[in-house]
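**Student:** The sequence shown begins at 0 in numbering that gives the first Met the number 0 and counts up by one.
Take this structure, written in structure tokens, and hold onto it; I'll ask about it next.
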Amino acid sequence: MLDPKTGQEPALSGAVFGVVSSGHEPMLGGERLIRAYREEMMARLERRATTHLRRAAIGRWLDQVGDSRPGVGLAPDNLPDLIWCYVPAGEVLVGDVATPFPVDPLFIAKYPVTWAQYHIFLDAPDGFTDPQWWDGLQQRPEYERSAIPIDNHPAQEVSWCDALAYCRWLSDRMGYIVRLPTEWEWQQAATGGTDRYIYPWGQRWSAISANTRESGLRGATAVGMYPYAESPVGAVDMCGNVLEWCLNEYYRPEKTEIGEETSRVMRGGSWFLTLHYARTTSRVGDNPYYRFNSVGFRLVTDAPSKNQPA
Numbered sequence: 000m001l002d003p004k005t006g007q008e009p010a011l012s013g014a015v016f017g018v019v020s021s022g023h024e025p026m027l028g029g030e031r032l033i034r035a036y037r038e039e040m041m042a043r044l045e046r047r048a049t050t051h052l053r054r055a056a057i058g059r060w061l062d063q064v065g066d067s068r069p070g071v072g073l074a075p076d077n078l079p080d081l082i083w084c085y086v087p088a089g090e091v092l093v094g095d096v097a098t099p100f101p102v103d104p105l106f107i108a109k110y111p112v113t114w115a116q117y118h119i120f121l122d123a124p125d126g127f128t129d130p131q132w133w134d135g136l137q138q139r140p141e142y143e144r145s146a147i148p149i150d151n152h153p154a155q156e157v158s159w160c161d162a163l164a165y166c167r168w169l170s171d172r173m174g175y176i177v178r179l180p181t182e183w184e185w186q187q188a189a190t191g192g193t194d195r196y197i198y199p200w201g202q203r204w205s206a207i208s209a210n211t212r213e214s215g216l217r218g219a220t221a222v223g224m225y226p227y228a229e230s231p232v233g234a235v236d237m238c239g240n241v242l243e244w245c246l247n248e249y250y251r252p253e254k255t256e257i258g259e260e261t262s263r264v265m266r267g268g269s270w271f272l273t274l275h276y277a278r279t280t281s282r283v284g285d286n287p288y289y290r291f292n293s294v295g296f297r298l299v300t301d302a303p304s305k306n307q308p309a
């Protein structure tokens, strides 16, 4: 309902939803009311008229009351609740390389890794501080991030080295290999193998479909706040929000070996970059040791044993 004075929708405050705004535990209104509002908020996300600012607020509210969306948090075994999307085989042209890269069938996570899913690595006694995951990688000490780590937001300020160590640790926990995608695998997932897709949803830019600099938010949103802008394989947030690390080198894309301190590829654009960098073929690169507050990562696997494709 629009405010008759301002002509705008009311703010998403604790008073509106019958909950206290601090913490994750609803204090007023009860679970039934929370469920009803959650359903309404999810319906609003599907409406293209919902503003970027409103989407950001919905994401924060979902985090406050407990974001139970599949693929966003943790499973009962306290490991990431991953939703795998099937990516078909194909061939992908990358940058100025004349020969296309072959892509074997694989699965890609529906969302980037969230803070809830990354924090378990930081907190586990055998996680971030265990040297076995860092062989050949530069380990950087942990520190307080510039952006508040909100559970249902993408994990940011994660270096390429951090992401690889996480993949090694999580593979050991999950019982099957999870890893970073190569950029040709990432591009195949963003387009579904359709060359004409300039953006994950098609050929034409849609300002209401992604959190890039044009949104004016100046920060990341919770994952999945633009559900109708998914790629043909069902992956969400492959345009905007945070850049995503890929396995291979930037200047020599064919190189995927670990151990060299050379720039690694990032794909997908971010809240910090303009729409030009959000195209499915756009590529940037930087030092794998660095952490950036607009960069995260997404997982792929060749053969999930516990999860099914979306």
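Each residue gets a CB set at the ideal place from its N, CA and C atoms; glycine is no exception.
No experiment lies behind these values; they were computed from the predicted model shown.
Who are the near neighbours of N292 in its chain, counting only those whose CB is closer than 6 Å to its CB and skipping five residues on each side?
**Tutor:** For N292, where only same-chain residues beyond five positions count, the Cβ hits under 6 Å are S145, A146, Q155, E156.
**Student:** Counting C-beta neighbours from all protein chains within 10 Å, is the total for N210 16 or more, i.e. buried, or is it exposed?
**Tutor:** N210 should be labelled buried.
**Student:** Is it right to say P130 is buried, meaning 16 or more other beta carbons lie within 10 angstroms of its own, or is it exposed?
**Tutor:** The residue is exposed, with fewer than 16 neighbouring Cβ atoms inside 10 Å.
**Student:** Could you tell me which of R178, T49, H118 sits nearest to A302, measuring between CA atoms?
**Tutor:** Nearest of R178, T49, H118 to A302, Cα basis: R178.
**Student:** Count the C-beta pairs between the region 79-89 and the region 125-139 that are closer than 8 Å, then say yes if the count reaches three, no if not.
**Tutor:** With a cut-off of 8 Å, the region 125-139 and the region 79-89 do not count as touching, because too few Cβ pairs lie within range.
**Student:** Could you tell me the distance, in whole angstroms, from the CA atom of T255 to the CA atom of D194?
**Tutor:** Cα-Cα distance, rounded: 24 Å.
**Student:** Any chance the region 157-169 sits against the region 286-300, with 3 or more Cβ pairs inside 8 Å?
**Tutor:** Cβ pair count under 8 Å is three or more, so yes.
**Student:** Quick one: using the 10 Å Cβ neighbour count with 16 as the cut-off for buried, is E143 buried or exposed?
**Tutor:** Result: exposed.
**Student:** Is the beta carbon of R37 less than 8 Å from the beta carbon of R53?
**Tutor:** Taking 8 Å as the Cβ cut-off, R37 and R53 do not qualify as a contacting pair.
**Student:** Could you give the DSSP three-state label for V299: helix, strand or coil?
**Tutor:** Three-state DSSP puts V299 in a strand.
**Student:** Check this for me: beta carbons of G239 and A277, under 8 Å apart or not?
**Tutor:** Cβ atoms of G239 and A277: closer than 8 Å.
**Student:** Can you tell me where the beta strand (DSSP E) with I197 in it begins and where it stops?
**Tutor:** Taken as a continuous stretch (DSSP letters only), I197 belongs to no beta strand (DSSP E), as it is neither H nor E.
**Student:** Check F106 in the structure and name its three-state DSSP category.
**Tutor:** Strand at F106.
**Student:** Since P153 and P99 are thought to touch, with beta carbons under 8 Å apart, how far apart are those beta carbons, to the nearest angstrom?
**Tutor:** That belief does not hold up - the Cβ atoms of P153 and P99 are roughly 29 Å apart, past 8 Å.
**Student:** Give the C-beta separation of T279 and Y196 to the nearest angstrom, bearing in mind that I take them to be a contact with Cβ-Cβ under 8 Å.
**Tutor:** So it is a contact: roughly 6 Å between Cβ atoms.
**Student:** Output needed for L298: all residues of its chain with C-beta closer than 6 Å, excluding positions within five of it in sequence on either side, in chain order.
**Tutor:** Cβ neighbours of L298 beyond the five flanking positions: A108, V177.
**Student:** With a threshold of 8 Å, are at least 3 pairs of Cβ atoms found where one atom belongs to the region 164-177 and the other to the region 64-75?
**Tutor:** The answer is no - the region 64-75 does not touch the region 164-177, with fewer than three Cβ pairs under 8 Å.
**Student:** Measuring alpha carbon to alpha carbon, tell me which residue in P104, Q116, M41 is nearest T300.
**Tutor:** Minimum Cα distance to T300 is reached at P104.
**Student:** Run through DSSP, which three-state label would L216 get?
**Tutor:** It is coil, neither helix nor strand.
**Student:** Run through DSSP, which three-state label would C238 get?
**Tutor:** Note: C238 maps to coil in three-state DSSP.
**Student:** Within 10 Å of its beta-carbon, does Y175 have 16 or more other beta-carbons around it, so buried, or fewer, so exposed?
**Tutor:** Answer is exposed; the Cβ neighbour count stays below 16.
**Student:** Starting from G89, trace the beta strand (DSSP E) both ways and give me its first and last residue.
**Tutor:** Looking at the DSSP string, the run of the beta strand (DSSP E) that includes G89 is 89-91.
**Student:** Just curious, the beta strand (DSSP E) that G174 is in, first and last residue?
**Tutor:** No beta strand (DSSP E) contains G174, which DSSP labels as neither H nor E.
**Student:** Just mark F249 as buried or exposed, buried being the case when its beta carbon has 16 or more other beta carbons within 10 Å.
**Tutor:** One point to set straight first is that residue 249 is Tyr, not Phe, in the sequence displayed. Y249 should be labelled buried.
**Student:** In angstroms, rounded to a whole number, what distance separates the CA positions of F296 and E243?
**Tutor:** Going from the Cα of F296 to the Cα of E243 covers about 4 Å.
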